[in-house]
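What follows is a set of notes on a single structure, which appears directly below.
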Amino acid sequence: MLVPRLQVLGLVVGPVLFALSPLFWDDGHYGVVGGMLIAVSTVPWVFGLLGEYERLRSPFPVISALGFLLVLVGMFGTVAFGLQGFFEGVLGVTEGSGLTGFEGYPIGGAAVLLLAGPVFPLALIVLGALQWHSRISPRACVALLCIAAVAFPVARVTRSTAVALVADVLMVVAFCWLAWYRWTTTPIRHHEGTTQAR
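Numbering-wise (the working numbering), the sequence shown opens with residue 16 and increments by one.
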């Protein structure tokens, strides 16, 4: 019972830490504190998402495993972006010169920043699709999660603090709703992956 409870808490702590990061952006740059919050948020977030994919293992044994692999790849990209902002701030490197430095490493730069980064919102959409089909979560909550997943990359591309805050609040609300549902139903349904949500 302890581990499922901690995983539920991870669904709240991770998105909340991530949502705090735009408050520390400096002219659209993540900065030291913002980058740190982004990177650190992935630890509880992944732990919480692991619990969600464990619940999907029974109805979707193969797809759920591949879906969680997408989560790991996406979180790798999220950590990379967070640490990029962190070290740019620490070393006093501007974002333009920092990105220019990747020109000498096209394959590595593409793998770390261009490919891995967008995978995280894709992983959330896959999670939402699986939960929608299996009905292990309220469908309104799942729909909000998918909307938040679509808004996530938009906020990062625009680098607008206001847009990022709105997108991150959507993400926090979706995951807090999901966490509350899990917290109130875990004792009954933790091992009933196919139990349908009303």
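Cβ coordinates follow ideal geometry from the N, Cα and C atoms, glycine included.
CA-to-CA distance, residue j to residue i, given in whole angstroms
i: residue 74; j: residue 83; result: 14 Å
i: residue 54; j: residue 35; result: 12 Å
i: residue 181; j: residue 157; result: 18 Å
i: residue 118; j: residue 24; result: 40 Å
i: residue 196; j: residue 98; result: 33 Å
i: residue 198; j: residue 188; result: 15 Å
i: residue 17; j: residue 148; result: 28 Å
i: residue 19; j: residue 120; result: 41 Å
i: residue 70; j: residue 77; result: 13 Å
Same chain only: Cβ atoms within 8 Å of residue i, ignoring 5 sequence neighbours per side
i: residue 185; result: 159, 162, 163 and 166
i: residue 136; result: 89, 164, 165, 167 and 168
i: residue 95; result: 127, 128, 131 and 132
i: residue 80; result: 68 and 72
i: residue 87; result: 61
i: residue 115; result: none
i: residue 134; result: 85, 88, 89 and 92
Contacts around residue i, its chain only, beta-carbon distance under 6 Å, and the 5 residues preceding and following it disregarded
i: residue 211; result: The pLDDT assigned to residue 211 is 49, lower than 50, so where the model puts this residue is not dependable; a value taken from the coordinates is nonetheless given after this. Cβ neighbours of residue 211 beyond the five flanking positions: 150.
i: residue 179; result: 37 and 170
i: residue 104; result: 46 and 47
i: residue 191; result: 27
i: residue 140; result: 161 and 164
i: residue 146; result: 152 and 157
i: residue 43; result: 174
i: residue 183; result: 34
i: residue 200; result: none
i: residue 102; result: none
Close-in-space but distant-in-sequence residues of the same chain around residue i (CB under 7 Å, 5 per side omitted)
i: residue 22; result: 62, 63, 65 and 66
i: residue 32; result: 52, 55 and 56
i: residue 194; result: 23, 26 and 27
Beta-bridge partners of residue i, as assigned by DSSP
i: residue 41; result: 44
First through last residue of the alpha helix (DSSP H) which encompasses residue i
i: residue 129; result: Element bounds for residue 129: n/a, residue is neither H nor E.
i: residue 122; result: 121-124
i: residue 153; result: Segment: none, residue 153 is in no alpha helix (DSSP H) and carries neither H nor E.
i: residue 20; result: 17-35
i: residue 108; result: Per DSSP, residue 108 belongs to no alpha helix (DSSP H) and is neither H nor E.
Integer Cβ distance of residue i from residue j, believed to fall under 8 Å
i: residue 92; j: residue 132; result: 4 Å
i: residue 85; j: residue 125; result: The pair is not a contact, with the Cβ atoms about 18 Å apart (cut-off 8 Å).
i: residue 176; j: residue 40; result: 5 Å
i: residue 107; j: residue 59; result: So it is not a contact: roughly 30 Å between Cβ atoms.
i: residue 100; j: residue 49; result: 6 Å
Residue-chain proximity (residue i, chain D), Cβ-Cβ < 8 Å
i: residue 196; result: Absent from the structure is chain D; it holds one protein chain and no more.
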